[in-house]
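Before any comments, here is the structure.
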Amino acid sequence: MQPMGNENAGPTKFPGRPVSPFVAAPQTTMPFFSSGHVVEKTGPPNFPGRPASPFLSAPQNAMPLLSSVPVGPSIPSSQPSPDVGNYQRFPTPVYPSNVQSITPAHGPPYAGQAVLPPPGLPSPGQQPLPPPFNFRPQPPQPQIPLVSMGPPPQSFNSMPRGSMPTFPLESSNLHPSMLGYPNSQASPVTHVPPGQASPFLSHQGGFVQPPIRAPLGLNSREQLTLTSMGPPISVQNLVEEFSSLSVGSVPGSIDPGIDSKALPRPLDGDVESKSSTVMYPLNCHPKFLSLTSHAIPNSQSLLSRWHLPLGAVVHPLAEASDEEEVPIVNFGPTGIIRCRRCQTYVNPYVTFTDGGRKWRCNLCALLNDVPSDYFSLLDASGRRCDADQRPELMKGSVEFVASTENMVRPPMPPLYFFLIDVSLSAVRSGMLEIVAKTIKSCLDELLGFPRTQIGFLTFDSTLHFYNMKSSFTQPQMMVVADLDDIFIPLPDDLLVNLSESRTVVDAFLDSLPSMFVDNVNIESAFGPALKAAFMVMSKLGGKLLIFQSTLPSLGIGRLKLRGDDLRIYGTDKEHALRIAEDPFYKQMAADLTQYQIGVNLYAFSDRYSDIASLGTLAKYTGGQVYYFPSFLGGIHKEKLSYELARDLTRETAWEAVMRVRCGKGVRFTTYHGHLMLRSTDLLALPAVDCDKAFAMQLSLEETLLTTQTVYFQVALLYTSSSGERRIRVHTAAAPVVADLGEMYRQANTGALVCLLSRLAIEKTLSHKLEDARHAIQLRIVKGLREYRNLYAVQHRLGGRMIFPESLKFLPLYGLSLLKSIPLRGGYADAQLDERCAAGFNVMILPIKRLLKLIYPTLIRIDEYLVMAPTVADDFGNFSKRLPLSSESLNSRGLYMYDDGYRFIIWFGGMLSSDITTSLLGVDLSAIPDLSKVSLCERDNHISRKLFGILKRFRESDPSCYQMCHLVRQGEQPREGLLLLSNLIEDQIGGTVGYVDWIQQIHRQVQQSA
Amino acid sequence: MLVWLFSFFLLIALLGLLIFQLMSLADLEFDYINPYDSALRINSVVLPEFITQGVLCLLFLLSGHWFMFLLCAPNLYYNFRLYTRRQHLVDVTEIFNMLDWEKKQRFVKLIYTVILLFFSIFWMVWTALEDD
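So this is what it looks like as structure tokens:
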């Protein structure tokens, strides 16, 4: 498989692909490409001829499918697999261009799995549109280059599509792809022939092309079905059957190694399973609780065939939009209605009997008495007459005001304690100043006025306490230099009521940056400072914000440099780098949780600062890790102040505990996220907020479930900032099924990916990265194999890959996960700190943001920007997401990449200078280093529009501030680091591309199918 | 004879320590105590357990009871490995995730110790009879 090797090299080798010279070469074609997508395809400079070929084929493809016809039938189902290697080559790059241009045109049909004939072949309709445009205008000229160039490409094997077979393939494919639908089906045919035909080709070079040139699209499609499916009739039936099975479990299929453009991508949004809310309208919204499969297996044996994780992702405080605000219910003196035995809260699924005097718990089926205050008559259908007035009986999500029995102590006031590093690097990077300013600006918005408590402690090689007694005008500083035996210099007044001591706090924050401006201390007594902070806070609990900019170097908990040892990777000791080095941190985390202290860590070091150890503090206290690598005040100011401000002002649930109850026979066994278990099923979350989600795995306790429905109830008991003890309850029901197919139909890719990612990251803490990646792949393969086995018997699936509609994006997300920062590559692919920080991050992400992070949005924006400003807001028409491959990038375009954490704006090498000048003020060529340039709004409509887009995107994800990085095409190594390594569908340095990945999965699925 | 008597008491002590740990874990599982207390109780007896086991091995070694020493050696090696990897103490933050493993490990040790106890009683009786 020499070509494969080459192929791998290809992309990396020509990172700059769209290099100008080449683009220029086929200029003739360029004009036509105005549609955009195609262009950069042509871009591949190495292979000027290639771009042309698709077009060429147009005129000629009336030619018979000589080679393919004979060959085709002979391809039995088995064929594909051996040939896979070959196939790979073409698919990737080849069509992208064509299809691409089409795809957006009629998104929906494509989005679905390619296999099914879409409702009515749109072919006739579509063909006219794109083809004329693309083909007509560029008649012979391009052709010449093609022919002459034919042979060379061979030598250019490195180009994925370079090898000979490409031509026939392309041509034949072209049509199908134009037809829109069929192309995927056509592919098997087209592929095989190349394989077979290649001998000829290689001898004869370019000349062979014409004869081979493909069949008309329609023909090819029929051929295709014949070949791949065996008897035509059965095919027909099969197709019919699948399309008629429209309920949602239609097995999609793709032929191996085929059209990379037809592979499923969540470009039009993810599959959102509506079925759960339709089936159980009383369930809470899926954003609060979603199961990986909304169908619970009824037996252990069925569960053992479901190889994907079975569990749930719970996001108890997900931000609610206005119309679906969670109602607050206060039972007053009656007390909250709960089941006597299992403590389940009253919910829409309980049933009232005995004339309304009793209610039956839906989880444990116990009959409870209805308190007299809560009594209501039942109507004829057995429903309470007052049900409509009672949100707890109508809504899956409610919030109860807790009575005193849910308190072990009076509700705590919101408390913020700041532990700030003031050593040299903290001062010099500007961190200290920004932090002080941001805190000051947020003082008015801190939660819980007027009860809010606040305190500060700074440290370098000594600890500095601040007495902020309200009677003072200036804070009084006390320095403690004894690090071995930490004591608190004052019994109180280190933590003060903000509203009483406001002037002192203001004065302190004003003077903080200047106090340490000349500090040359580079040591960091982090451990002792942490202990001191813990001692100050332990009476009340609260939120501890740690700002750390160096590696802790003094006292208990000091850490040493590690992680720069290349040799340790790939050995059994590798995982030790990703866990806390010193048991001090785990112990501290446990103690902090016990005293209701949540830690948020802000790490700023430009060198190794052992996020793995420091992050442990956040991991077990329901906190969060904010990592700012090589922090510079000038550049990161907005990001830091936005995120700190959000951290300080977002609604927070204090001293919270969460429990998920479920019906008889099932039980949540493992929990994954930033939490600590206080008992087998009680999650301790000292300070939790709307940006944290938790995942958990489910297991069956009984071999056979006899109930029809399983109920889940998430209960989060917390103290609100206003000082009220509340219980947020989300209730959901899921059917118990005996059929594996139904489980697949009800699967939820987002929840699955979320759970899978957390399992994988936890695995990296005890195993090698390689093992964690392998585990993900194995799960996906096993899952799809089991699914295949379900259908392989009834249908001759041949070499097709099938998967449930609900999981069509699973392979892609699996691939994205393998290439995500926490899991990718090895030593060189991500800095250890960056990897650990990303890992901590993934562990708290809710589904939607996780999916966006691993498969980010890539859109082309130059066309929108240059459009004259109109009144109507038409951005929607332009914001088509593109596949994440370098083929989506056109050197004439301006692209924006958004993973929810940052924006990357990519300037194509041939981007019109109007745009760059309008955006940057000068031409791109005048700027040697884009990393130093920051975007600022200029007074022209292009710039304003761009800022409009940025604003819109930021508003869509308020949980963090997306910094804008600018990068120019071909600017190494930044381009590679920022963008190219994140184009997950490409083959980057030894990793597989999307098409290869699908083939790999397919092969493995078939191996023991 | 004295050796066997000693080993008998050491083994009884070992059994006691293991049972205590297992009980703490069981209590934790059934939510009778919180993980902090449970971890504290278990960790306080882990080192005594290791030391007792070490003394037992030493005793067999010095008294020349090779067979019994070889029987004890795997356990000693296992404890030593746990200790050098700093995995001998239960971790309060992960105790619930490790619960099954911790229980299994101690259960195996328990059975192993019981077998040793039988052997040692057997040898004790044997030597007592021989002496007569």
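Taken in order, these protein sequences are the chains called A and B.
Just so we're aligned, residue 1347 is where the first sequence starts under my numbering, counting upward by one.
Just so we're aligned, residue 35 is where the second sequence starts under my numbering, counting upward by one.
Glycine residues also receive a C-beta, built at the ideal position from the N, C-alpha and C atoms.
Original post:
If the cut is a Cβ gap below 9 angstroms, which residues of chain B does A/Arg2013 touch?
Top reply: The contact set of A/Arg2013 on chain B, defined by CB atoms closer than 9 angstroms, is empty, because the minimum CB distance reaches about 12 angstroms.
Original post:
Is the Cβ of A/Tyr2159 closer than 8 angstroms to any Cβ of chain B?
Top reply: It does not; no Cβ of chain B falls within 8 angstroms.
Original post:
List, in order along the chain, the chain B residues whose C-beta lies closer than 8 angstroms to that of A/Tyr1316?
Top reply: Beyond the ends of chain A as shown, which are 1347 and 2355, falls residue 1316 of chain A; an answer cannot be given.
Original post:
Using the C-alpha atoms, what's the distance from A/Thr2015 back to A/Pro1632?
Top reply: Cα-Cα distance, rounded: 21 angstroms.
Original post:
From A/Leu1990, A/Phe1634, A/Gly1615, pick the residue whose C-alpha is nearest to that of A/Thr1623; which is it?
Top reply: For the set A/Leu1990, A/Phe1634, A/Gly1615, the Cα lying nearest the Cα of A/Thr1623 is the one of A/Phe1634.
Subject >> First through last residue of the alpha helix (DSSP H) which encompasses A/Lys2194 >> reply: Element bounds for A/Lys2194: 2193 to 2200.
Subject >> Three or more C-beta pairs below 8 angstroms linking the region 1751 to 1762 of chain A and the region 1703 to 1722 of chain A >> reply: As far as the Cβ criterion goes, the region 1751 to 1762 of chain A does not touch the region 1703 to 1722 of chain A, which means the pair count is below three.
Subject >> Within 8 angstroms, strictly: CB atoms of A/Lys1741 and A/Pro1673 >> reply: In contact: A/Lys1741 and A/Pro1673 (Cβ atoms closer than 8 angstroms).
Original post:
Measuring CA to CA, which of A/Phe1950, A/His1640, A/Arg1797 is closest to A/Leu1886?
Top reply: Answer by Cα proximity: A/Arg1797.
Subject >> DSSP state of A/His2311 mapped onto helix, strand, coil >> reply: In the displayed model, A/His2311 falls within a strand according to three-state DSSP.
Original post:
So, A/Leu2111 versus A/Arg1924, is the Cβ gap smaller than 8 angstroms?
Top reply: The answer is yes: Cβ separation under 8 angstroms.
**OP:** List the endpoints of the continuous beta strand (DSSP E) containing A/Tyr2241.
**Re:** Secondary structure note for A/Tyr2241: its beta strand (DSSP E) is the uninterrupted segment 2240 to 2244.
Subject >> Selection of the region 2018 to 2045 of chain A by Cβ proximity to chain B, strictly under 9 angstroms >> reply: The residues in question are Met2022, Leu2023, Arg2024, Ser2025, Thr2026, Asp2027, Leu2028.
Original post:
With a Cβ-Cβ cutoff of 8 angstroms, do A/Arg1684 and A/Gly1702 count as a contact?
Top reply: No. Outside cutoff.
Original post:
For A/Ala2039, which option in A/Ile1766, A/Leu1840, A/Ser2305 has the closest C-alpha, if you only look at C-alpha atoms?
Top reply: When each option's Cα is compared against that of A/Ala2039, the closest is A/Ser2305.
**OP:** Assuming A/Ala2106 contacts A/Leu2169 (C-beta within less than 8 angstroms), just tell me the rounded distance between them.
**Re:** Indeed they touch by this definition, with Cβ atoms about 6 angstroms apart.
**OP:** Taking B/Glu164 as the query, report the chain A residues whose CB atoms sit under 7 angstroms from its CB, ordered along the chain.
**Re:** Identification of chain A residues near B/Glu164 by a Cβ-Cβ cut-off of 7 angstroms yields none; the smallest Cβ-Cβ distance measures about 49 angstroms.
**OP:** Could you tell me whether the region 2302 to 2317 of chain A touches the region 2243 to 2259 of chain A, using the rule of 3 or more Cβ pairs below 8 angstroms?
**Re:** When C-beta atoms of the region 2302 to 2317 of chain A are compared with those of the region 2243 to 2259 of chain A, three or more pairs fall below 8 angstroms, so the two segments count as touching.
Original post:
So which residues on chain B does A/Ala1871 lean against when the C-beta distance must stay under 7 angstroms?
Top reply: Neighbourhood of A/Ala1871 in chain B, by CB distance below 7 angstroms: empty, with the nearest CB roughly 24 angstroms away.
**OP:** Output, in chain order, the set of chain B residues within a Cβ distance shorter than 7 angstroms of A/Lys1877.
**Re:** Residues of chain B passing the Cβ test: none, with the nearest at roughly 17 angstroms.
Original post:
So which residues on chain A does B/Asn68 lean against when the C-beta distance must stay under 9 angstroms?
Top reply: Neighbours of B/Asn68 on chain A, chain order: Gln1940, Arg2024, Ser2025.
**OP:** Please confirm if B/Phe130 has its CB atom under 8 angstroms from at least one CB of chain A.
**Re:** It does; some Cβ of chain A falls within 8 angstroms.
Original post:
Apart from the five residues just before and just after A/Leu2023, which ones in its own chain have a Cβ nearer than 8 angstroms to its Cβ?
Top reply: Only Tyr2017, Leu2029, Ala2030 meet the Cβ criterion.
**OP:** Mind listing the chain A neighbours of B/Asp65? Cutoff is C-beta to C-beta under 7 angstroms, in chain order.
**Re:** Residues of chain A with a Cβ closer than 7 angstroms to the Cβ of B/Asp65 are, in chain order, Ser2025, Thr2026.
Original post:
Is the region 1949 to 1962 of chain A close to the region 2274 to 2283 of chain A, with three or more CB pairs under 8 angstroms?
Top reply: By the criterion of at least three beta-carbon pairs nearer than 8 angstroms, the region 1949 to 1962 of chain A is not in contact with the region 2274 to 2283 of chain A.
**OP:** Going by CA-CA distance only, name the one from A/Ile1832, A/Arg2227, A/Ala2061 that's closest to A/Thr1690.
**Re:** A/Thr1690 has its Cα closest to that of A/Ala2061, out of A/Ile1832, A/Arg2227, A/Ala2061.
Subject >> Any C-beta of chain B under 8 angstroms from that of A/Ala1935 >> reply: For A/Ala1935, a Cβ of chain B is located within less than 8 angstroms of the residue's own Cβ.
Original post:
Nearest to B/Val79 by alpha carbon, out of B/Val89, B/Val124, B/Ser154?
Top reply: A check of alpha carbon separations from B/Val79 across B/Val89, B/Val124, B/Ser154 identifies B/Val124 as the nearest.
**OP:** Quick one: list the residues of chain B neighbouring A/Thr2016, beta-carbon separation under 9 angstroms, in chain order.
**Re:** Neighbours of A/Thr2016 on chain B, chain order: Phe130, Asn131.
Original post:
How would you label B/Leu96, buried or exposed, when you count the other beta carbons within 10 angstroms and need 16 or more for buried?
Top reply: With fewer than 16 other Cβ atoms within 10 Å, it is exposed.
Original post:
CA-CA distance, A/Pro2274 and A/Lys2291?
Top reply: Answer to the nearest angstrom: the Cα atoms are 25 angstroms apart.
Subject >> Contact set for A/Tyr2173: own chain, Cβ-Cβ below 7 angstroms, skip 5 residues either direction >> reply: So the qualifying residues of the chain are Leu1912, Tyr1915.
Original post:
In chain B, what lies closer than 9 angstroms to A/Lys1932 by C-beta?
Top reply: Using a Cβ-Cβ cut-off of 9 angstroms, A/Lys1932 is close to Asp125, Val126, Thr127, Glu128 of chain B, given in chain order.
Subject >> Beta-carbon proximity list for B/Phe152, same chain, < 7 angstroms, skipping 5 on both sides >> reply: Leaving aside the five residues that flank B/Phe152 on each side, none in its chain has a CB nearer than 7 angstroms to its CB.
**OP:** Assign A/Arg2125 to buried or exposed, taking buried as 16 or more other Cβ atoms, counted over all protein chains shown, within 10 Å of its Cβ.
**Re:** Burial is judged here by how many other beta carbons sit within 10 angstroms of a residue's own beta carbon; A/Arg2125 has at least 16 and is buried.
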